[in-house]
Amino acid sequence: MPVRRMDHVTIVAADLDAMVAFFVDLGLEVVQERTAIDDEWAARVVGVEGARSEIVMVQTPDGHSRLELQHYVDPPATGGIGHAPSNTLGITNVAFEVDDVRGMVDRLAAQGFGLVGHLENYADVYLLCYVRGPEGIIVMLAERIG
1 MPVRRMDHVT IVAADLDAMV AFFVDLGLEV VQERTAIDDE WAARVVGVEG ARSEIVMVQT
61 PDGHSRLELQ HYVDPPATGG IGHAPSNTLG ITNVAFEVDD VRGMVDRLAA QGFGLVGHLE
121 NYADVYLLCY VRGPEGIIVM LAERIG
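Numbering-wise, the sequence shown is residues 1 to 146 according to UniProt numbering.
Structure (structure tokens):
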């Protein structure tokens with residue numbers, strides 16, 4: 001049987017409040033408030049003994065794409081991407097279409113979140129860029145222009 005749909009992507013955060021604020025500022029909506037997950041079944045699913053975490057679920061305004069923002073209370077999360085370059089192996093960015101990419105970039109820059117590279121015109125179809133958000137996460141922003 002084929003996959004029916006993608007449900008969500010999880011982003012593990014050291015500072016859940018900062019991560020939620022970043023994505024809400026981008027325009028995502030909180031659809032599940034902070035929820036504690038500390039059941040034994042959850043620890044077995046994620047393969048982390050004694051795992052206790054908190055999650056907040058956010059989604060795009062159209063309701064089609066969701067992010068699960070998760071903070072591990074115990075044991076604390078390890079590693080992280082820091083400020084890894086865009087060509088790092090694994091999932092490196094989350095992409096969103098926006099109405100005003102320049103305005104969004106300016107607003108994020110005022111909060112300390114800068115461009116990874118440059119804002120570029122892609123084939124007169126999109127203006128797009130990468131922005132580095134909290135904890136080094138990279139978000140691609142694209143505005144349809146053609």
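Glycine included, each C-beta is placed from N, C-alpha and C at the ideal position.
Cβ-based neighbour list, residue i, same chain, cut-off 7 Å, excluding 5 preceding and 5 following
{"i": "D38", "result": "R52"}
{"i": "L108", "result": "V131"}
Test item: CB-CB of residue i and residue j under 7 Å
{"i": "F96", "j": "L141", "result": "yes"}
{"i": "A13", "j": "L69", "result": "yes"}
{"i": "V56", "j": "R34", "result": "yes"}
{"i": "Q59", "j": "V31", "result": "yes"}
{"i": "A77", "j": "E54", "result": "no"}
Under the three-state DSSP convention, the category residue i falls into
{"i": "M6", "result": "coil"}
{"i": "V101", "result": "helix"}
{"i": "D74", "result": "strand"}
{"i": "V116", "result": "coil"}
Residues near residue i in its chain [Cβ-Cβ closer than 8 Å; skip 5 each side]
{"i": "D7", "result": "R66"}
Beta-carbon separation (whole angstroms), residue i vs residue j, contact threshold 8 Å
{"i": "V131", "j": "V98", "result": "That belief does not hold up - the Cβ atoms of V131 and V98 are roughly 11 Å apart, past 8 Å."}
{"i": "L119", "j": "H71", "result": "Contact doesn't hold; Cβ gap of about 31 Å is too wide."}
{"i": "V116", "j": "V9", "result": "Their Cβ separation, rounded to whole angstroms, is 19 Å, which puts V116 and V9 out of contact at 8 Å."}
{"i": "I81", "j": "G136", "result": "5 Å"}
{"i": "V125", "j": "G133", "result": "V125 to G133, Cβ: 24 Å. No contact."}
{"i": "P61", "j": "G27", "result": "6 Å"}
Beta-bridge pairing of residue i - partner residues as DSSP gives them
{"i": "I91", "result": "The partner list for I91 (beta bridge, DSSP) is empty, contrary to what the question assumes."}
{"i": "A14", "result": "A14 is not bridged to any residue."}
{"i": "A142", "result": "E97, L128"}
{"i": "T60", "result": "Per DSSP, none; premise fails for T60."}
{"i": "R52", "result": "D74"}
{"i": "V30", "result": "V58"}
{"i": "A36", "result": "E54"}
{"i": "R66", "result": "Q59"}
is_contact[residue i, chain C] using C-beta, thresh 7 Å
{"i": "E135", "result": "Of the chains in the structure shown, none is chain C; there is only one protein chain."}
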